[in-house]
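All remarks here apply to the structure that follows.
In this note's numbering, the protein residues as written are 29 to 217.
Here's what the structure looks like:
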């Protein structure tokens, strides 16, 4: 799969087969994902990769974040209650993904915009490489609402949670969402 194909073909997957992912495949994905650019080459991302019982407890903690997301969903999808209910179901089990990744960064200062960008670049690499290897992922920021509980569970101190990412073999083929127009403005051409 070439890069263009990976970028255009990757989708947010919310339903996974319960098939385990071989650890060597996960390690391969992370070896490549960490080649992301980072400000001052800090590479200050930190990924926690959970499976088995550790993952199940994290899913339980993470699912509590839906209550904080629900008001926004009610506003955005007032006319589409099925979207809200599907999101509720997804948060409950994270699509039965066999692996869940928690993406953090080590802050450099109080308003560390660069660190958010650093870990976001590594997350994007992770999503693309996982897709190229036949896996599905879903970049979730909703669980950040329960960062304190997640970090306590993981034994994390002094890091900032950016995303929770379920990963596994897809058990669905998500539709291709249209691209929004007028998102790129050219000047001086």
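Note that the Cβ used here is the ideal one computed from N, Cα and C, for glycine as well. Computed from a predicted structure; not experimentally measured.
Using only the alpha-carbon positions, how far apart do residue i and residue j sit?
{"i": "residue 61", "j": "residue 112", "result": "32 Å"}
{"i": "residue 32", "j": "residue 96", "result": "36 Å"}
{"i": "residue 153", "j": "residue 64", "result": "7 Å"}
{"i": "residue 150", "j": "residue 55", "result": "14 Å"}
{"i": "residue 13", "j": "residue 44", "result": "A question about residue 13 goes unanswered here, because the residues of the chain that appear run from 29 up to 217."}
{"i": "residue 172", "j": "residue 131", "result": "10 Å"}
{"i": "residue 213", "j": "residue 207", "result": "15 Å"}
{"i": "residue 199", "j": "residue 167", "result": "17 Å"}
Can you pull the DSSP bridge partners for residue i?
{"i": "residue 129", "result": "77, 193"}
What did DSSP end up calling residue i once you bin it into helix, strand or coil?
{"i": "residue 93", "result": "coil"}
{"i": "residue 205", "result": "coil"}
{"i": "residue 198", "result": "strand"}
Confirm, please, whether the CB-CB distance from residue j to residue i is below 8 Å.
{"i": "residue 38", "j": "residue 155", "result": "yes"}
{"i": "residue 136", "j": "residue 34", "result": "no"}
{"i": "residue 196", "j": "residue 163", "result": "yes"}
{"i": "residue 127", "j": "residue 76", "result": "no"}
{"i": "residue 104", "j": "residue 115", "result": "no"}
{"i": "residue 134", "j": "residue 78", "result": "no"}
{"i": "residue 191", "j": "residue 169", "result": "yes"}
Using CA atoms only, rank isn't needed, just tell me which of the options is closest to residue i.
{"i": "residue 145", "options": "106, 66, 41, 53", "result": "66"}
{"i": "residue 89", "options": "189, 177, 213, 48", "result": "177"}
{"i": "residue 194", "options": "91, 99, 181, 109", "result": "91"}
{"i": "residue 201", "options": "36, 41, 30, 29", "result": "41"}
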